[in-house]
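Just below is one structure, and these are the notes that go with it.
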Amino acid sequence: MDETNEGGRTARRNRHWTQIHEAAVALVLEKGLAATTVDAVASAAGVSRRSFFNYFPTKEDAVLGTREPWLPEADWEDFVSSKLEVLPRTAKLLAAVLNTSTHAGEGFRRRREMVRAFPELRRRTHVHVQAAEQLVATALIERLKPHQAALLAHELPTDPGAQHALVLLAGTITRYAFTEDPEEFARDWQSAVVRASAIFGSLLHPVSR
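Using the UniProt record's numbering, read the sequence shown as starting at 1 and increasing by one per residue.
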């Protein structure tokens, strides 16, 4: 592959992504969320409606600068090989998946400001959280190879209901880590999630006195 051409395509995609996002934010701040349409955003950004959907699945995502989450292979392998206990490693995996819904970690403060200004945007963030939880839950059931499952057998529950509960608890830990210190979470989400997991672990397994 020609690295020069690939670099040009990446730069062009990043430029279009930014144009659409900036146009969506500007229009929503001017006209409100309900009055802003995909067509209006695409026109203001200088792209076609079809191009809009190549970058953002919904108008709300364009405003927030978010996209549908996915499971990175490197983070899955880290989950499988991690020496952490199953709860913090699951929370780290979930946080990694959630981070894929943002564009290279950019726009953190703006997203918070837009959600404060337009609380209805929060519904879209919840959709991404639920999608991320489903990705992790499905991976625990379907993606563990026999030798990997054997390595985790002493920690990972085999009952699907218990696995679902594990993912939900990991989600609670991730949200706690974020709400306790959003700025720190944006800087170093892995450390924040591990610390939050330790707090929840101490509550689930209190030390006798």
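Every residue, glycine too, gets a C-beta built ideally from N, C-alpha and C.
Query                                                                            : Result
Beta carbon proximity, Arg12 to chain C, threshold 8 Å                           : Structure shown: chain C not included; a single protein chain is present.
Residues sharing a beta bridge with Thr36, DSSP                                  : Per DSSP, none; premise fails for Thr36.
Status (buried if at least 16 other CB within 10 Å, exposed otherwise) for Lys83 : exposed
Beta-carbon proximity check, Ser191 vs Leu87, cutoff 8 Å                         : no
Beta-carbon separation (whole angstroms), Thr67 vs Ser101, contact threshold 8 Å : At residue 67 the sequence reads Arg, which differs from the Thr that was named. Indeed they touch by this definition, with Cβ atoms about 6 Å apart.
Simplified DSSP state of Thr58, which is helix, strand or coil                   : coil
Straight-line gap, Thr37 to Leu169 (C-alpha atoms, nearest Å)                    : 37 Å
Proximity of residue 255 and Thr172 at Cβ, strictly below 8 Å                    : The question about residue 255 has no answer, for the chain in this structure spans 1 to 209.
Leu121 vs Val63 beta-carbon contact at 8 Å                                       : yes
Reference Val47, options Phe200, Glu142, Trp17 and His164, closest by Cα         : Trp17
Arg187 versus Asp181 - alpha carbon distance                                     : 10 Å
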